[in-house]
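Quick notes on the structure that follows.
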Amino acid sequence: LVGFALETNDEENYAKGKLEKKNLDLVVLNSLNDAGAGFKSDTNKITIFNKALEKTVFELKPKTEVAKDICEAILKII
0 LVGFALETND EENYAKGKLE KKNLDLVVLN SLNDAGAGFK SDTNKITIFN KALEKTVFEL
60 KPKTEVAKDI CEAILKII
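With the numbering used here, you'll find the sequence shown wraps up at 77, consecutive numbering, no jumps.
In structure tokens, the structure reads:
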């Protein structure tokens, strides 16, 4: 089960809290604080946390590549 978190304050802690509270396998954190990321852009920058609270930070890239990163993270856990 994968969840998404869009946060502006204390982003990582809120994302990890959502992961644990909702018993997710992964949570994808989107930050509105990163330039070039968010809804008004063709690029995004994400961080993915797994159940062990290990994080993987991805660089700013086109959203099509972000989608591939998310799919690859899912494939690693199934």
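Heads up, the beta-carbon is just placed ideally off N, CA and C, and yes, glycines get one too.
Here the structure is a predicted model, which means the values were calculated and not measured.
Do residue i and residue j have their C-beta atoms within less than 8 Å of each other?
i	j	result
Asn49	Leu74	no
Leu52	Lys15	yes
Val56	Leu23	no
Quick check on the burial criterion: 16 or more other C-beta atoms within 10 angstroms. Buried or exposed for residue i?
i	result
Lys67	exposed
Lys44	buried
Ile76	exposed
For residue i and residue j, what's the separation of their Cα atoms in angstroms?
i	j	result
Phe38	Leu31	9 Å
Ser40	Ala4	17 Å
Lys21	Asp9	18 Å
Val65	Ala34	15 Å
Asn29	Leu18	14 Å
Cys70	Tyr13	22 Å
Lys54	Ala72	11 Å
Lys62	Ile47	15 Å
Assign residue i to one of three DSSP states: helix, strand, or coil.
i	result
Ala4	strand
Ile77	coil
Asn49	strand
Is residue i close to chain D? Criterion is C-beta to C-beta, closer than 8 Å.
i	result
Lys21	No chain D appears in this structure, which consists of one protein chain only.
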